[in-house]
Amino acid sequence: PRYRDYIAWLATQSHDAEQAFWRAQLADLDSGEALPAPAQAGEGGYVTEARVDIAALRAYAAQLAVPLTAVLQAAWALLVSRYTNTADACFGLTVSGRPPALADAGRIAGLFINTVPMRLRLDADESVAALCRRARDLSFAVQANDRLPLAQIAALAGVSGAAALFQSLLVVENIPFDTTVALRGGATCERVHATSATNLPLLVQLTPEADQLHLLLQSRRAQLDDAFVERVLADWQQLIGELPRLGDTR
């Protein structure tokens, strides 16, 4: 299969249902809630990272019958709600964009990845377990409507640009790869390294590694203070440890 097969398939698809989904999903969004941290003098970015044990978190996700990704999305919604002091949490979500309806889409080399909003309204009477299940259901719905460009989604919400929808981007890496790649002729490629960048104030990249989670936060110093980003990292580590114990706690 070739990438042009995907383009040809895409041209035959109707986007009416997707447009209706995003209009409903983003209706009355209190958009652009700023993360409460002063900008730092200077330009460039700030990066901080940590690794935390997630064996208990994996077991908790299995107990709830939800993917680990959904638990992480629910956790970030809780943190976004705390930072912005609103029960209406909206953040960017990176999706693979490979449509299951297209045969062999997983084998096509080309650019499919997309960024879409994920909006979770929090309810004080809802348990953490129920929030995780709702995050799972919403994540599935979002991924079923992930073909529209972000600019079009923002326009459907009546705003201009991603920054009017969300201030942070959550990236959960769920495709494991070996850092030592065997090549033809017996050669090897080692120390594979990937870098990410964003024009948003905060990028949160999560990479599950067996029973550990690699947390990497990247911010823009013109928009966020380094100390705030370190606080976000510490809050992530604390929440990951607490979630499995919360269960049906509200």
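Numbering (the numbering used here), first residue to last: 2 to 251.
Backbone N, C-alpha and C fix where the C-beta goes; we use that ideal spot for every residue, glycine too.
So G45 is in the alpha helix (DSSP H); what residue range does that whole segment cover? Taken as a continuous stretch (DSSP letters only), G45 belongs to no alpha helix (DSSP H), as it is neither H nor E.
Around the C-beta of F229, are 16 or more other C-beta atoms found within 10 angstroms, so that it is buried, or is it exposed? buried
CA-CA distance, A12 and P209? 35 Å
Hey, would you say F113 sits closer than 9 Å to L171, going by beta carbons? no
Give the range of the beta strand (DSSP E) segment to which L121 is assigned. 115-122
Could you check what DSSP says for A125 in three-state terms: helix, strand or coil? coil
First and last residue of the uninterrupted beta strand (DSSP E) at D89: 89-96
Please confirm whether A131 and W237 have their CB atoms less than 9 Å apart. no
For the segment 212-222 and the segment 49-61, state whether three or more C-beta atom pairs, one from each stretch, are separated by less than 8 Å. yes
Does the Cβ-Cβ distance between L36 and L203 come in under 9 Å? In this structure, L36 places its C-beta atom within 9 Å of the C-beta atom of L203.
Do you know offhand how far P100's Cα is from C133's? Across the structure, P100 and C133 are spaced so that their CA atoms are roughly 24 Å apart.
Buried versus exposed call for S15 [16 or more other C-beta atoms within 10 Å across all chains shown]: Counting Cβ neighbours within 10 Å, S15 comes out exposed, since fewer than 16 surround it.
How would you write the range of the beta strand (DSSP E) that L1 sits in, first residue to last? Shown here, the chain extends from 2 to 251; a query on residue 1 therefore has no answer.
Who are the near neighbours of S82 in its chain, counting only those whose CB is closer than 7 Å to its CB and skipping five residues on each side? If we look at S82 and ignore the five residues flanking it on each side, its Cβ neighbours are A88, A90, L123.
Could you tell me the distance, in whole angstroms, from the CA atom of I109 to the CA atom of P2? 6 Å
Local Cβ density within 10 Å of P150, reported as buried at 16 or more and exposed below that: exposed
Helix, strand or coil for E19? Go by DSSP, reduced to three states. helix
Using the rule of at least 16 other Cβ atoms within 10 Å of the residue's Cβ for burial, across every protein chain shown, is Y84 buried or exposed? buried
Which of helix, strand or coil DSSP assigns to T208: strand
Helix, strand or coil for S169, going by three-state DSSP, please let me know. strand
Contact belief for A106 with Y7 at Cβ below 8 Å, rounded distance in angstroms: 7 Å
CA-CA distance, I241 and R52? 11 Å
Label P39 either buried or exposed according to how many other C-beta atoms from any shown protein chain fall within 10 Å of its C-beta, with 16 as the threshold for buried. Label assigned to P39: exposed.
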